[in-house]
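Chemist: Anchor point for the sequence shown: position 117 equals 104 in our numbering, and the numbering is continuous, going up by one each time.
Structure provided below as structure tokens; questions to follow.
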Amino acid sequence: MPRFVVTGAPGTGKTSIIALLGERFVTVNEPARELIGEHAAATRESTLDGRPELFLRRLVQRSIDAFNSVSDTTVAFFDRGLPDCVAYATAFQLESELPHQLAGRFRYDSPIFIAPPWKEIYTTDALRRATFEQVEAFHLNLQSAYLRLGYELIELPKTSPRERMEAITRHLHLGTASLSLTRSNP
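Following this line, the structure appears as structure tokens:
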């Protein structure tokens, strides 16, 4: 079954796109936000600050579980993929090779759709506290991780979530849309 990823730094609109894709296709929620939310509910702390190794280890396992959770009967879209773990390791300045090895083993279908940083829609909340500058830096980490792993990146246009979703389905010949997509270059 084709497994496609919609990725992007926090607050770039990818989860809204995934929700719309979920109206027609199998979708898998973002494991990072789920982990942070579970941690906040259990400890009343909004982040895993000071515990990047623990977060990364749990994120890798959750991402593998997500990868394996879909059947072979239909197209699936993931809100983030295992290469995002590589980007998190870089952001946390961790020297773990495990995310890179596993991201090379559990492969998604290319292209990968990446939502660029978009200041006009970026907001923070109880679980998302990054500055916009941190979002831009993480975007570069994501691009680097996916490109190093041999994926083609397609940058999503800065348009409505529905138009972005339609651009993805058109690019994959899964429907029609009025927008075209362009390759992303770091």
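For each residue, glycine too, the CB sits at the ideal point set by N, CA and C.
Whose C-alpha, out of Pro103, Arg149, Glu139, is nearest the C-alpha of Gly(-5)?
Modeler: Measuring from the Cα of Gly(-5), the nearest candidate turns out to be Pro103.
Chemist: Kindly identify the DSSP beta-bridge partner or partners of Thr14.
Modeler: Paired residue(s): Phe64.
Chemist: Cutting at 7 Å between CB atoms, please list the residues of its own chain near Leu89, excluding the five before and the five after it.
Modeler: Around Leu89: Val47, Ile51, Leu69.
Chemist: Smallest Cα separation from Ile99: which of Gly91, Asp59, Leu143?
Modeler: Checked all of Gly91, Asp59, Leu143; the closest Cα to Ile99 is Leu143.
Chemist: Taking C-beta to C-beta, are Arg67 and Val13 nearer than 8 Å?
Modeler: Against a cut-off of 8 Å, the Cβ pair of Val13 and Arg67 comes out as no contact.
Chemist: How about Pro39 and Leu81: do their beta carbons lie closer than 8 Å?
Modeler: A contact, by the Cβ cut-off of 8 Å.
Chemist: Between the Cα of Pro18 and the Cα atoms of Ile4, Asp59, Phe65, which residue gives the shortest distance?
Modeler: Measuring from the Cα of Pro18, the nearest candidate turns out to be Phe65.
Chemist: Just the C-alpha distance for Asn16 and Thr2, rounded to the nearest angstrom, thanks.
Modeler: Answer to the nearest angstrom: the Cα atoms are 8 Å apart.
Chemist: Rounding to the nearest angstrom, what Cα-Cα distance links Glu107 and Thr146 in this structure?
Modeler: When rounded, the distance between both Cα atoms is 11 Å.
Chemist: Am I right that Pro148 and Gly(-2) are in contact with their C-beta atoms under 8 Å? What's the rounded C-beta distance?
Modeler: Not a contact, Cβ separation roughly 13 Å.
Chemist: Check for me: the beta strand (DSSP E) holding Glu150 runs from which residue to which?
Modeler: Careful: Glu150 lies outside any beta strand (DSSP E), inside the alpha helix (DSSP H) at 148 to 158.
Chemist: What does a CB cutoff of less than 8 Å around Ser61 pick up in its chain, not counting 5 residues either side in sequence?
Modeler: Correcting the residue type first, residue 61 is Thr in the shown sequence and not Ser. Excluding positions up to five away in sequence, the list reads Met(-12), Phe12, Val13.
Chemist: Taking the straight line between their C-alpha atoms, what separation do you get for Thr156 and Ala53?
Modeler: When rounded, the distance between both Cα atoms is 22 Å.
Chemist: Compute the distance between the beta-carbons of Arg(-10) and Ala63, then report whether it is under 8 Å.
Modeler: Yes.
Chemist: For Ala132 versus Val73, is the C-beta distance shorter than 8 Å?
Modeler: Result yes, Cβ atoms of Ala132 and Val73 sit closer than 8 Å.
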